[in-house]
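Just so we're aligned, residue 41 is where the sequence shown starts under my numbering, counting upward by one.
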Amino acid sequence: MEWMAAFVSWALLLTACSSGTSGYTDEVQPDDPTATLILHTALLDKTRAADIPADSPVEYMYTLRIIVLHADGSVEHNVHVDFGNSPQTECFRILKVTRNETKKIYLIANEESVSSELHGKLETLTAGDNTFRSIVDELYFTPDYKNPIPMSSVYDVPVNAESLVERQFYLVRAATKFTFRLTNERENAVSVDAIGISGIVEKTYLIPHKKEKEMLFEGEPFFWIDWLKKVADESQNHLEDVTLADRRGWIQDYDIPSGQIHEEVVVRSPTLVPGLTYHVNEAPTPGEKIFPVFYLPESKNLKDGAQEYGEQAYTMTLHLTEKTPEGEAGTSEEKKVSFTRSFPNLRALFRNTHILVDVTFWEEGVKVDVIPYSEVILKPDFGL
């Protein structure tokens with residue numbers, strides 16, 4: 041019966057996420073002014089829904105809206121797919137579109153997390169409506185990352201005389217992600233009470249506001265989202281390459297909503313990291329914990345405030361409760377301490393960047409390895 045259950049689940053997924061008819065052909069029909077557009081949409085840094093970790097359900101598609109615009113900006117298709125309680129990492133859709141123009145295709149996931157008002161407005165748009173871009177292009181919001189994270193992308197797709205156009209699209213998360221992995225090599229436990237990140241703004245655009253549309257990879261130009269995908273895949277395969285980020289480059293030519301102040305955001309989630317565990321005839325094992333993953337808006341805390349684009353700078357603060365080693369009386373004391381240091385070589389905080397921080401507590405101090413990836417990867421280390 042397991043094979044039958046798997047077949048039924050797959051069939052339901054196709055029903056929810058695909059549309060179209062079989063039997064289409066590459067041959068142009070002289071009496072048919074339309075072409076078949078096949079859209080493959082996927083998250084930039086996920087592969088299978090089965091990979092959804094228990095603590096990151098907000099990173100997946102619960103809904104997906106596909107808007108196809110004519111060259112004059114009017115709506116040709118407005119499709120909303122609701123995955124219900126089965127969040128997805130990819131979606132397949134087939135649409136019939138007119139030929140001989142360049143379409144602008146908008147993909148928006150989890151729009152309901154932006155506002156119910158946005159969802160209501162987009163639901164009313166029918167073929168021929170020309171107000172879509174005025175609704176979304178400059179829309180910004182204050183994200184609540186307890187809900188599914190909004191994602192988006194915009195592609196220009198030429199549809200000429202051919203009868204079949206097939207394209208791969210990727211969604212870019214409107215958030216940056218921070219993961220702190222904690223290792224305790226001390227005798228006593230350490231509590232990481234809170235983590236502060238400086239240089240963060242409050243609001244974010246729904247649609248990416250990157251200026252240049254192409255970036256170079258090995259001297260070859262790629263649309264910036266496709267470049268981001270290539271670099272993300274490469275970074276996952278070369279986790280120890282500390283030179284990769286600067287070789288590939290940083291996305292720094294983007295705008296954020298104006299008039300904002302870059303401030304420190306403090307995430308409070310006390311996490312107790314146990315001390316060493318001793319074993320007979322074996323080396324002691326350190327305590328290990330992961331601070332709950334958190335998300336922040338893309339930001340642009342420029343080193344040189346006079347420039348519009350350029351290198352950025354951010355700092356982290358660890359708020360700890362340390363236990364001092366037990367004295368002769370067999371008692372120990374707790375001490376509140378904080379450490380603040382810059383993120384070394386983190387030159388931008390563009391959306392979809394994932395910063396992985398490895399923190400190791402030693403009796404004489406703290407060591408931190410910082411690995412920003414998805415967009416880039418670095419692995420410097422420094423002491424606190």
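Just so it is clear, CB atoms sit at the ideal spot from N, CA and C, and this is done for glycine as well. Please read these numbers as outputs of a predicted model, since none were measured by experiment.
What residue range is occupied by the uninterrupted beta strand (DSSP E) comprising L179? Stepping through the sequence shown from its first residue, residue 179 is reached at position 139. Neither: L179 is in no beta strand (DSSP E) and is coded neither H nor E.
What do you reckon, are the CB atoms on A229 and L312 nearer than 8 Å? One-based indexing of the sequence shown puts residue 229 at position 189. One-based indexing of the sequence shown puts residue 312 at position 272. Yes, the Cβ-Cβ distance between A229 and L312 is below 8 Å.
Please determine, among L396, F401, V377, the residue with the shortest C-alpha to C-alpha distance to G315. Here residue 315 corresponds to residue number 275 of the sequence shown, with the count starting at 1. Here the closest residue by C-alpha is F401.
Residues sharing a beta bridge with Q128, DSSP: Here residue 128 corresponds to residue number 88 of the sequence shown, with the count starting at 1. The partner list for Q128 (beta bridge, DSSP) reads M101.
Determine, for W267, whether the minimum Cβ-Cβ distance to residues of chain C falls below 8 Å. Chain labels in this structure do not include chain C; a single protein chain is all it has.
Assuming the contact rule is C-beta atoms closer than 8 Å, N150 and P188 should be a hit. Round their C-beta distance to whole Å, please. Taking the first residue of the sequence shown as 1, we reach residue 150 at position 110. Taking the first residue of the sequence shown as 1, we reach residue 188 at position 148. 4 Å between Cβ atoms; contact.
Which complete beta strand (DSSP E) runs does the stretch 334–392 hold, if anything under 3 residues is left out? 355–363, 374–382
Considering only the alpha carbon of each residue, which of D295, E274, D293 lies closest to R287? Mapped onto the sequence shown, residue 287 falls at position 247. Taking only the C-alpha atoms, the option nearest R287 is E274.
D266, DSSP secondary structure in three states: On the sequence shown, residue 266 is found 226 positions in, with the first residue counted as 1. Here D266 sits in helix by DSSP.
Measuring CB to CB, does D169 end up less than 8 Å from V115? Taking the sequence shown and counting its residues from 1, the one referred to as residue 169 is at position 129. Taking the sequence shown and counting its residues from 1, the one referred to as residue 115 is at position 75. Cβ atoms of D169 and V115: closer than 8 Å.
What residue does the beta strand (DSSP E) around H80 start on, and which one ends it? Numbered from 1 along the sequence shown, position 40 holds the residue referred to as residue 80. 74–83 is the span of the beta strand (DSSP E), which, as asked, contains H80.
Close Cβ partners of I145 (< 6 Å) along its chain, the five nearest in sequence each way excluded: Here residue 145 refers to the residue found at position 105 when the sequence shown is read from its first residue. Correct list, in chain order: V108, Y195, V197.
Where T244 falls, given that 16 or more other Cβ within 10 Å makes a residue buried: Taking the sequence shown and counting its residues from 1, the one referred to as residue 244 is at position 204. Its Cβ being crowded by 16 or more others within 10 Å, T244 is buried.
Find out if the Cβ-Cβ distance for the pair V408, D398 is shorter than 8 Å. Position 368 of the sequence shown, counted from the start, is the residue given in the question as residue 408. Position 358 of the sequence shown, counted from the start, is the residue given in the question as residue 398. Contact flag set, yes.
Between Y349 and Q292, which are expected to be in contact by the criterion C-beta below 8 Å, what is the C-beta distance as a whole number of angstroms? The count along the sequence shown starts at 1 and reaches residue 349 at position 309. The count along the sequence shown starts at 1 and reaches residue 292 at position 252. Contact holds; Cβ gap of about 5 Å.
Count the CB pairs spanning the stretch 126–140 and the stretch 72–85 that are closer than 8 Å, and state whether there are at least three. yes
Tell me which residue opens and which closes the beta strand (DSSP E) that G315 is part of. Against the sequence shown, residue 315 aligns to sequence position 275. Element bounds for G315: n/a, residue is neither H nor E.
Please confirm whether R381 and R213 have their CB atoms less than 8 Å apart. For the purposes of this step, residue 381 is taken as the residue at position 341 of the sequence shown. For the purposes of this step, residue 213 is taken as the residue at position 173 of the sequence shown. No.
Mind checking P310: buried by the 16 CB within 10 Å criterion, or exposed? Numbered from 1 along the sequence shown, position 270 holds the residue referred to as residue 310. The residue in question, P310, is exposed, as its Cβ has fewer than 16 Cβ neighbours within 10 Å.
By DSSP, does N150 sit in helix, in strand, or in coil? Sequence index remark: in the sequence shown, residue 150 carries index 110 (1-based). DSSP places N150 in coil when its eight states are reduced to three.
Does the Cβ of D85 have 16 or more other Cβ atoms within 10 Å, making it buried, or fewer, making it exposed? Position 45 of the sequence shown, counted from the start, is the residue given in the question as residue 85. D85 is buried by the Cβ-count criterion.
Any contact between the stretch 218–225 and the stretch 333–342? By contact I mean 3 or more CB pairs, one from each, below 8 Å. yes
Measure the alpha-carbon distance for F262 versus R207 and round it to whole angstroms. For this step, residue 262 is matched to residue 222 along the sequence shown. For this step, residue 207 is matched to residue 167 along the sequence shown. Answer to the nearest angstrom: the Cα atoms are 14 Å apart.
Taking L211 and T81 to be in contact with their CB atoms under 8 Å, please state how far apart those CB atoms are, rounded to whole angstroms. Walking along the sequence shown from the start, residue 211 turns up at place 171. Walking along the sequence shown from the start, residue 81 turns up at place 41. At roughly 7 Å, the Cβ-Cβ gap stays under 8 Å, so L211 and T81 are in contact.
Test item: CB-CB of H117 and E163 under 8 Å: One-based indexing of the sequence shown puts residue 117 at position 77. One-based indexing of the sequence shown puts residue 163 at position 123. Not in contact: H117 and E163 (Cβ atoms no closer than 8 Å).
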